[in-house]
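From first to last, the protein sequence lines are chains W and D.
In terms of my numbering, the first sequence is residues 49 to 739.
In terms of my numbering, the second sequence is residues 82 to 337.
Even for Gly, the Cβ is constructed at its ideal location relative to N, Cα and C.
Given the structure is predicted, the values throughout are model-derived calculations rather than measurements.
To keep things clear, I will list the structure first and then write my remarks on it.
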Amino acid sequence: MSHVAFPIVFGIALLVFVGTIGGRIRLLATARPARRFDRLPERVQRTIVYAFGQKKFLTGEQPAGIAHALIFWGFVVLGLQVITQFGRALSVNFNIPGFGPNQLLGPPFFVARDLLELVVIVAVSYMLYRRLVVHTPRLFGLGRAEERYRGAPHWEGILILVFILFIMVGGLLADAGRLVWLDIHGNEREFAPLTALVADIIGGLGRSGGHTVSEIGWWLHNLTVLTFLNLLPLSKHFHIITAVPNVFFGELPPKQVARKPGALQTPPAGVARLEPPPTGLTGIASLADVSWKQVLDAFSCTECGRCTAKCPATASGSPLAPRQLVLDIRDRLYAHPAEQRGAVAGAAPLISEDVLWSCTTCMACVEACPVGIEHVPTIVDMRRSLVDQGRMEPLLQQTLENFAKQGNSYGKSSRMRARWTKGLDFTIPDARTEPVDYLWFVGDFASFDERVQTASQRVARILNETGISFGLLYDGERNAGNDVRRVGEEGLFEMLVEHNMAMLRDASFEAIFTTDPHSLNTLRNEYPAYGLDKPVYHYTELLAELVADGRIKLTTPLTGTRVTYHDPCYLARYNRITDAPRKLIAATGAELVEMPRHGTNTFCCGAGGGRIWMDDSKLEERPSEQRIREAQELGTIDYFVVSCPKDLAMYSDAAKTVGASFEVAELTALVERALGVAEPEVLAAPAGRER
Amino acid sequence: MKTLVPLKQTVDLVEELELNDDGTDVEREYLTFKLNEWDEQALEEALLIKDAVGGEVTVVALDEPDADQSLYGARAKGADRAVKLTGDFAAGVSSHARAAILAGFLESQSFDLVLIGVQTPEDLDGQTGVILAGMLGLPHASVAVAVEPDGDALKVTQEMGAGVTHQLRIVGPAVVGVQAARAAPRYVPISRIRAAMQEGGLEQQPAAEVEAVSGLTVRRMYAPQSSSHAEMLGADADAAAARIIEIIRERGVLKV
């Protein structure tokens, strides 16, 4: 099989490939810098887990996920097959050194090769079945936000699957035909059951027939591999080359202040901390402002749509779909590379404003993406540019002005912030004048919203009973700035941080706890960069600890009460806190019935990332209402339990709109009842009950 | 076009107002101050004119609490010059005195147009602009909802009653009291305000010494008293409907 033609074909194919990939590398090299070369051991580890281990495929939607993992691993092993088949252009008995029939690695390679050829053929057939017969919607575009994607041609996915099939079948025929042609026996047959089986079937064609089959298979395999290689950088299958580095260069979890020894703390998500914009840049306004990691993100998108399928904005009919957003950036890079160097590529913005403002920053897209694309930080970068130009809707503008003037979204005087404490029959210490163990960072909603004030008072009563030492910053507290930063108002975020840090420096405490997951996220993951050196807890973590210690004794179990629990995005997905609230629910004796989407796979209420300060009347159905309907499917439940002040407000409204058969209750309402101190009917927490 | 916009600090109403001991004024010690919202509209209109035809915008404020903040905010939005007139204004400044101080400053300036907020929460009669125009002997229009350059002149749109608008052509220089700008006041990001502060560049000069009497003295100020209360009708639709009918009858709207 020593072919003269093949080295020429191979050479040409390689030259073309180098040319195309050179163009792609130029796009990377022209892009702005990004610091992604730090903490290399952690990067190697995540690459092993998420790229080579295919973790997100194994834990995500099935059976497509497993099918992908099998094809991936198949390709890793079958890379050896490709080298072998290329080598056979020079010698018909070429084997990679060490992989010969009577060498150590030969037999295991034959077994693995045959097994994986079979597995990949089956998996690819299933993938083709999904594309051609089932027409899985996720692959063709979801919601109104992906109309453009739906309209685009989809033959490429099918073509690639056919190519993979050709490579498998070609390799198989080349090997089987060779066994017949050269009448090979021994290890090459005994350890290769599939190849041997095919060889048996074509055995009747005789040695010359075997030669023909082998030639056809060999050319089919090698030509398809070379065509495939050249198609990669031109197609969504570029991810075969870029996905592994994209995972490697992903944002690593921020370093946090260590908690007490022995306390388990799961690292947060990588994008839990946002980077400030680089000096001299306010945000992303055009391709000239895009970093190489963002270019690599665009290269790596496989158009699988796992992000869009999880996106609350897409699900509620808004113009945002994360996949479309990444593809729009990619298409622009390919169509107008000169924009990277400052050329103006027409009047159309890179991504339109209504798309950018639709994001709730719930991070479901980043969580779902198997190749490590970071949609949310990119959206925030683009929002920063809009904010810099003052482009935003009036309600949001008013809210930002309120923050700037009063330090809270309500525009109320900061002297009103701790007014909810007036409903208590004890005084919470002022941490600025009296040392305390825990500083309670209350947050805006829990301080100002009447419905949530009731919950804040309840937390205060429960903690007061335990005798632990805790205090407040009173009128010294300002909004922590989590959502202000995610709106894209970095300067305002810094101003809020500076104020809060000055107050925190004046106060004496050992640890912070907060009732608000949004505040928790920025205090825990972003404030350390501004000097905060104390651990930060969510109140459910603190209460769960106190229950475990026996300092809170739940003596009246809520036997027979069925509840479901909604994981807040900023608690579960951003900070991986999912156990503490469940432990608390279990301790109350209530029965927890999980919604299909729970834990890190939770569904957003629609309030995050500043969305709560924007108009949501144009949505087809609010995410919160979809969520209430999801809970309705669980059969009879008594309470929809929340552990985030914004959730209490959002879901109380949504439950009314939908006409839910259950009540929305903040977690401590269950706890207080299990303490045996509150009557059942106060669970729903009507506004201003204590006052 | 050279436009000049006087800015005034007014009481921020998010804080609860209390009357002083002799009941002639609000207690000023604990108040916080912010830029008068009508002045914000005037500034926006000035910036819109600059955006459209170029020129220069100058803002000027008396050294009242947090005036620096407002001046730098205006600079960050696009005002070219910011001037602070220093003096002791702790006891408050009447509209007459304010107009006289501004007139004193304006006499040394060259300008084509003065845009001033039509009123402030403390001057609901909208006097300052009128008095200022009178002192400077310039044409004046008030309650403007649009001020647009029109050749060598200005086209001023005024809002009259019952949705009627009224267009005037004024040959400047003129003083115009602005009710609303053509667009909502723009947002200026904090980073830009901070950059403006770092840059500095506030011009300071002493306010003119003026003798201006308003002719009015406040004898007594009253806290607003709630004269009626909302009545909550409850969740039961039938009961609520019955009560609504009852109320309509009580008020004599429905005779049967």
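Open item on the list: If the cut-off is 7 Å on Cβ atoms, which residues from the stretch 94-125 of chain D count as contacting chain W, listed in chain order?
Closed with: Answer in chain order: VAL95, GLU96 and LYS115.
Open item on the list: With a threshold of 8 Å between beta carbons, is ASP436(W) in contact with chain D?
Closed with: Taking the first sequence and counting its residues from 1, one reaches residue 436(W) at position 388. Answer yes: the Cβ-Cβ gap between ASP436(W) and chain D drops below 8 Å somewhere.
Task: 8 Å CB neighbourhood of ARG178(W) in its chain, flanking five on each side removed - done: As a working note, residue 178(W) is residue 130 in the first sequence. Excluding positions up to five away in sequence, the list reads ALA112, THR184 and LEU187.
Open item on the list: Across the stretch 563-577 of chain W and the stretch 520-532 of chain W, are there enough close Cβ pairs to call them in contact, namely three or more that are closer than 8 Å?
Closed with: yes
Open item on the list: DSSP has ILE332(W) in a bridge; who is on the other side?
Closed with: Locating residue 332(W) in the first sequence gives position 284, counting from the first residue. Answer is none; ILE332(W) lacks a bridge partner.
Open item on the list: Give the list of continuous alpha helix (DSSP H) stretches no shorter than 4 residues that lie fully inside the stretch 170-254 of chain D.
Closed with: 176-187 and 208-217
Open item on the list: Quick check on HIS202(W): does DSSP put it in helix, strand or coil?
Closed with: As a position in the first sequence, residue 202(W) is number 154, starting the count at 1. Coil.
Task: For GLU537(W) and SER307(D), the rounded distance between their alpha carbons - done: On the second sequence, position 226 is the one that residue 307(D) refers to. On the first sequence, position 489 is the one that residue 537(W) refers to. Computed Cα separation, rounded: 40 Å.
- [ ] Give every residue of the same chain whose Cβ lies closer than 6 Å to the Cβ of GLU574(W), excluding the five residues on either side of it in the sequence, and list them in chain order.
- [x] In the first sequence, residue 574(W) corresponds to position 526, counting from 1. Same-chain partners within the cutoff: ARG321.
TODO: Return the Cβ separation of TYR587(W) and THR563(W) in integer angstroms, given the expectation that the two are a contact with Cβ distance under 8 Å.
DONE: Translated into positions along the first sequence, residue 587(W) becomes position 539. Translated into positions along the first sequence, residue 563(W) becomes position 515. About 5 Å; that satisfies the 8 Å criterion.
Task: Neighbour flag for ILE271(D) against chain W, beta carbons, 8 Å - done: As a working mapping, residue 271(D) is identified with position 190 in the second sequence. With 8 Å as the cut-off, ILE271(D) counts as an interface residue toward chain W.
TODO: Could you name the residues of chain D that GLU498(W) contacts, counting a contact when the two beta carbons are closer than 7 Å?
DONE: Start at 1 with the first residue of the first sequence, and residue 498(W) comes out as number 450. Chain D residues near GLU498(W): none, gap ~14 Å exceeds 7 Å.
Task: Contacts around PRO605(W), its chain only, beta-carbon distance under 6 Å, and the 5 residues preceding and following it disregarded - done: Position 557 of the first sequence holds residue 605(W). Cβ within range, chain order: GLY637.
- [ ] Below 8 Å CB to CB, which residues in the same chain sit around ARG599(W) once its five sequence neighbours on both sides are set aside?
- [x] Counted from its first residue, the first sequence places residue 599(W) at position 551. Counting only Cβ-Cβ distances below 8 Å, and skipping sequence neighbours, we find THR514, GLY515 and ILE516.
Task: DSSP-derived helix/strand/coil call for ALA115(W) - done: Here residue 115(W) is taken as the residue at index 67 of the first sequence, counted from 1. The DSSP-derived three-state label of ALA115(W) is helix.
Open item on the list: DSSP three-state label for VAL690(W), please.
Closed with: On the first sequence, position 642 is the one that residue 690(W) refers to. Here VAL690(W) carries a strand assignment [DSSP, helix/strand/coil].
Task: chain D contact residues for SER457(W), given Cβ-Cβ distances below 8 Å - done: Along the first sequence, read from residue 1 onward, the residue named residue 457(W) stands at position 409. Going along chain D, no residue has its Cβ under 8 Å from SER457(W), so there is no contact; the nearest lies around 13 Å.
TODO: Return the chain-ordered list of same chain residues with a C-beta closer than 6 Å to the C-beta of ASP144(D), the five sequence neighbours on each side being excluded.
DONE: In the second sequence, the residue the question calls residue 144(D) occupies position 63. So the list reads LYS165 and THR167, once near-sequence residues are dropped.
Open item on the list: With the cut-off set at 8 Å, would you say GLY253(D) and LEU187(D) are in Cβ contact?
Closed with: On the second sequence, position 172 is the one that residue 253(D) refers to. On the second sequence, position 106 is the one that residue 187(D) refers to. Not a contact, by the Cβ cut-off of 8 Å.
Task: Rounded C-alpha distance that separates PRO155(W) from ALA596(W) - done: Sequence index remark: in the first sequence, residue 155(W) carries index 107 (1-based). Sequence index remark: in the first sequence, residue 596(W) carries index 548 (1-based). Spanning the two alpha carbons is a distance of roughly 56 Å.
Task: Helix, strand or coil at PRO728(W) according to DSSP, with G and I counted as helix - done: Along the first sequence, read from residue 1 onward, the residue named residue 728(W) stands at position 680. With a pLDDT of 45 at PRO728(W), under the threshold of 50, the modelled position of this residue cannot be trusted, and the question is left open.
Open item on the list: Is there a Cβ of chain W sitting closer than 8 Å to that of ARG330(D), yes or no?
Closed with: Taking the first residue of the second sequence as position 1, residue 330(D) is located at position 249. No, ARG330(D) does not count as interfacial toward chain W.
Task: Assigned secondary structure, PHE296(W) (DSSP; H/G/I helix, E/B strand, else coil) - done: Locating residue 296(W) in the first sequence gives position 248, counting from the first residue. In the structure shown, PHE296(W) falls within a helical segment according to DSSP collapsed to helix, strand and coil.
Open item on the list: Just to confirm my understanding: we take MET49(W), look at its own chain, exclude 5 residues before and 5 after, and list those with CB closer than 6 Å. What are they?
Closed with: By 1-based counting over the first sequence, the position of residue 49(W) is 1. Reliability fails at MET49(W), whose pLDDT of 48 lies under 50, so the model's placement of it is uncertain and no value is given.
Open item on the list: Could you compute how far the alpha carbon of GLU738(W) sits from the alpha carbon of LYS601(W)?
Closed with: Taking the first sequence and counting its residues from 1, the one referred to as residue 738(W) is at position 690. Taking the first sequence and counting its residues from 1, the one referred to as residue 601(W) is at position 553. Low confidence applies here, because GLU738(W) scores a pLDDT of 35, under 50, leaving its location unreliable; read the following figure in that light. Going by the C-alpha atoms only, they are around 23 Å apart.
- [ ] Kindly list, in the order they appear in chain D, the residues whose Cβ is closer than 8 Å to that of PRO442(W).
- [x] As a working mapping, residue 442(W) is identified with position 394 in the first sequence. Going along chain D in sequence order, the residues near PRO442(W) (Cβ under 8 Å) are ALA265.
Task: For GLY519(W), the three-state DSSP class (helix, strand or coil) - done: As a working mapping, residue 519(W) is identified with position 471 in the first sequence. The answer is strand: DSSP assigns GLY519(W) an E or B state.
TODO: Work out the CA separation of ARG87(W) and HIS384(W) for me, nearest whole Å.
DONE: Here residue 384(W) corresponds to residue number 336 of the first sequence, with the count starting at 1. Here residue 87(W) corresponds to residue number 39 of the first sequence, with the count starting at 1. Taking the straight line from one Cα to the other gives about 34 Å.
- [ ] Compare the beta carbon distance of LEU249(D) and LEU213(D) with 8 Å and say whether it is the shorter of the two.
- [x] Position 168 of the second sequence, counted from the start, is the residue given in the question as residue 249(D). Position 132 of the second sequence, counted from the start, is the residue given in the question as residue 213(D). Taking 8 Å as the Cβ cut-off, LEU249(D) and LEU213(D) do not qualify as a contacting pair.
Open item on the list: Under 8 Å, with one C-beta from each stretch per pair, do the stretch 499-510 of chain W and the stretch 466-476 of chain W reach the 3-pair mark?
Closed with: yes
Open item on the list: Considering Cα atoms alone, identify which of GLY101(W), PHE489(W), SER457(W) and LEU521(W) is closest to ALA479(W).
Closed with: Translated into the one-based positions of the first sequence, residue 479(W) becomes position 431. The shortest C-alpha separation from ALA479(W) is found at LEU521(W).
Task: Residue-chain proximity (SER433(W), chain D), Cβ-Cβ < 8 Å - done: Locating residue 433(W) in the first sequence gives position 385, counting from the first residue. Judged by the 8 Å Cβ criterion, SER433(W) is not in contact with chain D.
TODO: Any chance you could list the beta strand (DSSP E) runs of at least 3 consecutive residues sitting entirely within the stretch 444-524 of chain W, in chain order?
DONE: 486-489
TODO: Name, please, each residue of chain W whose Cβ falls closer than 7 Å to the Cβ of ARG275(D).
DONE: One-based indexing of the second sequence puts residue 275(D) at position 194. Within 7 Å Cβ-Cβ: GLY539.
Task: Complete alpha helix (DSSP H) runs within the stretch 200-236 of chain W (minimum length 4 residues, chain order) - done: Secondary structure in the stretch 200-236 of chain W: the alpha helix (DSSP H) runs of 4 residues or longer, each lying completely within the stretch, are 203-229 in chain order.
Open item on the list: What does the Cβ neighbour count give for THR356(W), buried or exposed, with the cut at 16 atoms within 10 Å?
Closed with: Here residue 356(W) refers to the residue found at position 308 when the first sequence is read from its first residue. With 16 or more Cβ atoms within 10 Å of its Cβ, THR356(W) is classed as buried.
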